[in-house]
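*Asks:* Line by line, the protein sequences are chains Z and R.
Heads up: the first sequence at position 54 corresponds to 54 in my numbering, and the numbers run straight through without jumps.
All you need for my numbering is the position in the second sequence, starting with 1, plus 1000.
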Amino acid sequence: MASTIQLDVVTAEQKLFSGTVEKVIAPGSMGDLGIYPKHTQLISKLRAGELKYTTAEGTTSLFVSGGVLEVQPTLITVLADTGMRAEDLDAQAAQDAMKRAHDALQGKDPADLDYEAIQAELEAAKAQMEMLHRIGKVRG
Amino acid sequence: MAGAKEIRTQIKSIQNTRKITKAMEMVAASKMRRAQDRMNASRPYAQKMRAVVGHVANGHLEYKHPYTLERPTVKRVGYIIISTDRGLCGGLNVNLFKTALQDIAKWKAQGVEVDLAVFGNKAANAFRRYGLAAQKTHMGDAPKIADMVGTIKVMLDAYAEGRIDRLYMVENEFVNSMTQRPQVTQLIPIAPIKDEAMSHYWDYIYEPESKGVIDALMQRYIESLIYQGVVENVACEMAARMVAMKSASDNAGKMINDLKLVYNKARQAAITQEISEIVGGAAAV
C-alpha cells in the first residue's frame, strides 16, 4: 500500500474534499506542483486551474479559481477562493462569464473599471474552459 | 351596552396583528434554516484557515507579518460591530451593543481611543454619535464577501498605518435557535495557539515569495473570520426573530381570549338588563 497524506480542499462556501490521498497536483502560481506524502513545508498561492488528486480509487479533478495551498509533512490544505467539482463545471456558465468580462473590459468608462477583478474573472473563466476541453466535456 | 363595539374592533385589530406576527415567525423559521446551512457550509473554510494560520504563527518564518506581532503600546483600538439591518428580533442587538459598550468603556478607562466600523443598519444608528470609520448596511440574507471587503479594508489599512493597534470583532454567536450569545473576538494581533509538535525550527518553501503569500493568506484569514461572523449573525437574527414573533403571537392569543371574555360578559349583562327591563315593564302594565 502506497503511503498517503491527508488532503482538505475547502472554499468559502463549501467543503469540496477531505480524505487521504497518494498524490496531489495543484496549480501553483509559478507552475503546477506535484505533492507526495512527507513533502517539506510549503506555502503557495494558487492560480485558476485544475487540481488533481489520486486516491486508491483513482484520480479526481477539481476546479479552483485561486487561493492558497499549505503543505505540512502529513497534511495538505487547499484554501480555494471558489472551486467546484469537475462534473459540476458548466461550459455555458464559463462562456457567459468570459463574455461578461470581455464586455466589461470594452464597454465601460475606463476610469471606474476594476481591471484586476475583471482580469481575474477572465482568467478563471478561461481556465475553466481549458479544463472542460481537457476532460472532454466540450469538443472544440 | 357601552363598549361592546369598541371591544369587538379591538379584538379584530389584535387578530390582524397576530396574523402578521404568525407570518413573520414562519418566514423567520424558514430563513433561519437556510442561514444555518450557509453558516455550516462556510465553517470548514474558517476552521482550516485558522489551522493554517496557527501553523504560520508557530513556524519560524523569514517574514513576520504585522498581524502576528503584538504592539508594545496600545493607543487606539478598532472594533468591527456586526448587527442586523432590521429590528423585531428581541433583545439581540441591544445585548450585543451592551457587550460592545462595556468592552469599549474598558479601553476608554485606560485612556485608549476607539475606532468603529459597523455592519448592519441597527449598529450604524446606535453608534453614529461615536463617529464611524466605515459602515455597510443592507447586505441581505445571503451576504457576500465582496460587499464586506471595503469596510474590512478600512480597518486593516488603519492597522497597517498604525492608526489602530488592535482590532476586535463583536458579533452574536449562534449557540442554538433559542440562545444567541454576544461575543468579542480579537482579530489582530492574531493570538497564536502554541503547538508543541511544531516547536522545532522549520520554515516554508514559498511560491512566489514569502511576503506575497503570507499577505494574501492573512488578508483571507481576516476576511473569512468576518464573513463567518456576518453569516452567523444572520442566523442569529432569524432565530431571535422567530422566537420574538412566536412570543408575540402567543401574547396576542392571550389578549384575544381575555378580551373575548370581557366582551361576552358585557353582552350577557346587556341581555340580562334588557330582559329585566321587559319583565319590569310587563309587571307595571
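Idealized CB from N, CA, C, for every residue including glycine.
Alpha carbons only, please: which of Pro1072/R, Glu1237/R, Gly1280/R, Trp1202/R is nearest the one belonging to Phe1029/R?
*Replies:* Sequence index remark: in the second sequence, residue 1029/R carries index 29 (1-based). Inspection of the sequence shows that residue 1029/R is occupied by Ala rather than by Phe. That would be Glu1237/R, whose Cα lies nearest to the Cα of Ala1029/R.
*Asks:* Ordered along the chain, which non-local residues of its own chain (more than five positions away) have a Cβ less than 7 Å from that of Thr1099/R?
*Replies:* The residue given as residue 1099/R occupies position 99 in the second sequence. If we look at Thr1099/R and ignore the five residues flanking it on each side, its Cβ neighbours are Val1170, Pro1182, Val1184.
*Asks:* So which of Gln95/Z, Glu116/Z, Met84/Z, Thr20/Z has the shortest CA-CA distance to Thr54/Z?
*Replies:* Position 54 of the first sequence holds residue 54/Z. The residue with the shortest Cα to Cα distance from Thr54/Z is Thr20/Z.
*Asks:* Check the Cβ-Cβ distances between Lys45/Z and every residue of chain R, and say whether any is below 8 Å.
*Replies:* For this step, residue 45/Z is matched to residue 45 along the first sequence. Judged by the 8 Å Cβ criterion, Lys45/Z is in contact with chain R.
*Asks:* Candidates Met129/Z, Lys45/Z, Gln95/Z, Thr59/Z: which alpha carbon is nearest Arg1220/R's?
*Replies:* The sequence position of residue 1220/R within the second sequence is 220, counting from 1. The residue with the shortest Cα to Cα distance from Arg1220/R is Lys45/Z.
*Asks:* Could you say which of Ile1271/R, Glu1277/R, Tyr1263/R, Met1255/R lies nearest to Asn1016/R if we only look at CA atoms?
*Replies:* Numbered from 1 along the second sequence, position 16 holds the residue referred to as residue 1016/R. Checked all of Ile1271/R, Glu1277/R, Tyr1263/R, Met1255/R; the closest Cα to Asn1016/R is Met1255/R.
*Asks:* Please classify Ser1030/R: does DSSP put it in a helix, a strand, or coil?
*Replies:* Position 30 of the second sequence, counted from the start, is the residue given in the question as residue 1030/R. Note: Ser1030/R maps to helix in three-state DSSP.
*Asks:* Pull out every residue of the stretch 12-32 of chain Z whose Cβ sits closer than 9 Å to any Cβ of chain R, in chain order.
*Replies:* Ala12, Glu13, Gln14, Lys15, Ser18, Gly28, Ser29, Met30, Gly31
*Asks:* Quick check on Ala1041/R - is its C-beta less than 8 Å from some C-beta in chain Z?
*Replies:* Indexing the second sequence from 1 puts residue 1041/R at position 41. Yes, its Cβ sits closer than 8 Å to a Cβ of chain Z.
*Asks:* Just the chain R side, please: which residues come within less than 9 Å of Glu123/Z by C-beta, in chain order?
*Replies:* Mapped onto the first sequence, residue 123/Z falls at position 123. Neighbours of Glu123/Z on chain R: none; closest Cβ ~16 Å, over 9 Å.
*Asks:* Would the stretch 1078-1095 of chain R and the stretch 1123-1141 of chain R be scored as touching if the rule is three or more Cβ pairs under 8 Å?
*Replies:* yes
*Asks:* Please list the partners that Lys1048/R has in chain Z, where partner means a Cβ-to-Cβ separation under 8 Å.
*Replies:* One-based indexing of the second sequence puts residue 1048/R at position 48. Contact annotation for Lys1048/R against chain Z: Asp8, Val10, Thr77, Leu79 [CB-CB distance below 8 Å, chain order].
*Asks:* Based on Cα-Cα distance, which residue from Val1052/R, Asp1258/R, His1060/R lies nearest to Thr77/Z?
*Replies:* Numbered from 1 along the first sequence, position 77 holds the residue referred to as residue 77/Z. Measuring from the Cα of Thr77/Z, the nearest candidate turns out to be Val1052/R.
*Asks:* Any idea what DSSP makes of Val1074/R, helix, strand or coil?
*Replies:* For this step, residue 1074/R is matched to residue 74 along the second sequence. In the structure shown, Val1074/R sits in coil (DSSP, three-state: anything other than H, G, I, E or B).
*Asks:* Against Gln72/Z, what residues of chain R qualify as contacts under a CB-to-CB distance less than 8 Å, listed in chain order?
*Replies:* Locating residue 72/Z in the first sequence gives position 72, where the first residue counts as 1. His1055, listed in chain order.
*Asks:* With a cut-off of 8 Å on the beta carbons, I'd call Glu116/Z and Ala48/Z a contact; round off their distance for me.
*Replies:* Indexing the first sequence from 1 puts residue 116/Z at position 116. Indexing the first sequence from 1 puts residue 48/Z at position 48. The pair is not a contact, with the Cβ atoms about 14 Å apart (cut-off 8 Å).
*Asks:* Taking contact to mean at least 3 C-beta pairs separated by less than 8 Å, is the stretch 1264-1281 of chain R in contact with the stretch 1210-1225 of chain R?
*Replies:* no
*Asks:* When DSSP builds the beta bridges, which residues end up paired with Asp8/Z?
*Replies:* Mapped onto the first sequence, residue 8/Z falls at position 8. According to DSSP, Asp8/Z bridges with Ser18/Z, Thr77/Z.
*Asks:* For Met1169/R, which three-state DSSP category applies?
*Replies:* If you number the second sequence from 1, residue 1169/R lands on position 169. If DSSP states are grouped into helix, strand and coil, Met1169/R belongs with the strands.
*Asks:* Would you kindly work out how many angstroms separate the C-alpha atoms of Ile1068/R and Lys1075/R, rounded to a whole number?
*Replies:* By one-based count along the second sequence, residue 1068/R stands at place 68. By one-based count along the second sequence, residue 1075/R stands at place 75. One point to set straight first is that residue 1068/R is Thr, not Ile, in the sequence displayed. A direct Cα-Cα distance of roughly 18 Å separates Thr1068/R from Lys1075/R.
*Asks:* Can you find at least 3 beta carbon pairs, one from the stretch 58-78 of chain Z and one from the stretch 1232-1248 of chain R, that sit closer than 8 Å?
*Replies:* Here the stretch 58-78 of chain Z does not lie against the stretch 1232-1248 of chain R, with fewer than 3 beta-carbon pairs under 8 Å apart.
*Asks:* With which residues is Ser61/Z paired in a DSSP beta bridge?
*Replies:* For the purposes of this step, residue 61/Z is taken as residue 61 along the first sequence, with counting starting at 1. Beta-bridge pairing links Ser61/Z to Lys52/Z.
*Asks:* Evaluate Tyr1201/R with the Cβ neighbour count: other Cβ atoms within 10 Å of its Cβ, from every protein chain shown; 16 or more gives buried, anything less gives exposed.
*Replies:* On the second sequence, residue 1201/R is found 201 positions in, with the first residue counted as 1. Per the 10 Å Cβ criterion, exposed.
*Asks:* Where do the N-terminal and C-terminal ends of the beta strand (DSSP E) with Arg1241/R fall, by residue?
*Replies:* The residue labelled residue 1241/R in the question sits at position 241 within the second sequence. Here Arg1241/R belongs to no beta strand (DSSP E); instead the alpha helix (DSSP H) covers 1210-1284.
*Asks:* May I ask which residues mark the beginning and end of the alpha helix (DSSP H) holding Arg134/Z?
*Replies:* The count along the first sequence starts at 1 and reaches residue 134/Z at position 134. 115-134 is the extent of the alpha helix (DSSP H) around Arg134/Z.
*Asks:* Looking only at C-alpha atoms, which of Glu70/Z, Ala91/Z, Leu105/Z, Leu79/Z sits nearest to Glu130/Z?
*Replies:* Numbered from its first residue, the first sequence carries residue 130/Z at position 130. Answer by Cα proximity: Ala91/Z.
*Asks:* Do you know offhand how far Arg1128/R's Cα is from Ala1117/R's?
*Replies:* As a first step, residue 1128/R is located in the second sequence; it is residue number 128 there, counting from the start. As a first step, residue 1117/R is located in the second sequence; it is residue number 117 there, counting from the start. If I take the Cα positions, the gap works out to 10 Å.
*Asks:* For Ala971/R versus Ala1133/R, is the C-beta distance shorter than 8 Å?
*Replies:* The question about residue 971/R has no answer, for chain R in this structure spans 1001 to 1285.
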